[in-house]
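Encoded as structure tokens, the structure appears first; notes follow it.
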Amino acid sequence: MPLIDLALVNNVWTLKLSMIQTVGLAVITLFIGTWINKHSKFLQRMCMPAPAVGALPFAFLTAILSYYKILNITFEGSLQTFLMLAFFTTIGLMASLKVLKKGGIFIIFFFLACAVWIVVQNTAGIMIAKALGIEPIIGIMAGSVSMIGGLGTAGAFGPYYEQLLGIPGTASAAVAAATFGMVAGTILGAPVGERIIKMHKVKTPYENPELME
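Heads up: the sequence shown runs through residues 396 to 608, numbered per the numbering used here.
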């Protein structure tokens, strides 16, 4: 197998990255994001995560190259599902009865708010899908499955329902919506969260190391 798999496909140069190259590129974008964050007081103040800072410029670059048919980059995705499951599993392992107990009544309010929001998102998704003349299941995939569930849920349920119902595009819609939600949530959520923390004068773990215990 050549070190660089570059070929002309449909009059467009296509670069195929292997599993190792894909992971290596992801690590490089992470380091770039960390370096940019370290040298940008604005990004630090806005609490922008390093993975997003490094990945967004690369995403825009690949989108421009693909749109103008300069270069298409394809990634080997055999590790995608495994790494997503590992990521969300580690997040789940951070939860405990002790943490839930600290949340108190607010945890119940949060649960109820999520339940209501699931209904709202799915209803809106179905209505928009019908208005656009596409299958309602795609509206659901772009609704709570991706917006509440995230990439892990979208990556699991999207292909399942696409195979079960035989509706093409279901998996792509779910993953695309989840990716958009994650990026938008990162860009909007980080500054808003930083503003709320300062408004209520909440001590963060970096300001109060005792919170890390």
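A virtual CB, placed ideally from N, CA and C, is assigned to each residue, including glycine. Values in this document were obtained by computation on a predicted structure and should not be read as measured data.
field: Cα-Cα separation, T429 to M443
entry: 10 Å
- prompt: Who are the near neighbours of E608 in its chain, counting only those whose CB is closer than 6 Å to its CB and skipping five residues on each side?
  reply: At E608, the pLDDT of 49 sits below 50, so the modelled position is not reliable; the number obtained from the coordinates is stated separately. Excluding residues within five positions, none has a Cβ falling inside 6 Å.
field: Close-in-space but distant-in-sequence residues of the same chain around F483 (CB under 6 Å, 5 per side omitted)
entry: G547
T485 burial status per 10 Å Cβ neighbour count (16 or more: buried): exposed
- prompt: Starting from I562 and walking both ways along the alpha helix (DSSP H), at which residues does that stretch end?
  reply: Premise fails: I562 is in no alpha helix (DSSP H) and is neither H nor E.
Whole-Å CB distance - I468 paired with L403, under 8 Å assumed: Their Cβ separation, rounded to whole angstroms, is 14 Å, which puts I468 and L403 out of contact at 8 Å.
- prompt: Helix, strand or coil: which one does DSSP assign to L650?
  reply: For residue 650 there is no data in the structure shown, the boundaries of the chain being 396 and 608.
query: Taking C-alpha atoms, which residue in A566, F426 and I543 lies nearest to A551?
result: A566
message: For L606 and G561, I'd like the C-alpha separation in whole angstroms.
response: With a pLDDT of 47 at L606, under the threshold of 50, the predicted position of this residue should be treated as unreliable, though the coordinate-derived value follows. Near 49 Å, if we compare the C-alpha coordinates of G561 and L606.
Those residues which DSSP pairs with T409 across a bridge: A402 and N467
Alpha-carbon spacing of R440 relative to E589, whole angstroms: 8 Å
- request: Measure from the alpha carbon of S539 to the alpha carbon of each residue in I513, F453 and T518, then state which is nearest.
  value: I513
message: Going by DSSP, what residue range makes up the alpha helix (DSSP H) through A458?
response: A445 to Y462
task: Output the distance between the C-alpha atoms of N406 and Y462, rounded to the nearest integer angstrom.
output: 13 Å
field: Endpoints, alpha helix (DSSP H) assigned at V511
entry: I500 to L527
- request: Tell me, please, whether the region 504 to 519 touches the region 444 to 461 by the rule of three or more beta-carbon pairs shorter than 8 Å.
  value: no
- request: Out of M536, F470 and K525, state which residue places its alpha-carbon closest to the alpha-carbon of G419.
  value: F470
- request: Label I500 either buried or exposed according to how many other C-beta atoms from any shown protein chain fall within 10 Å of its C-beta, with 16 as the threshold for buried.
  value: exposed
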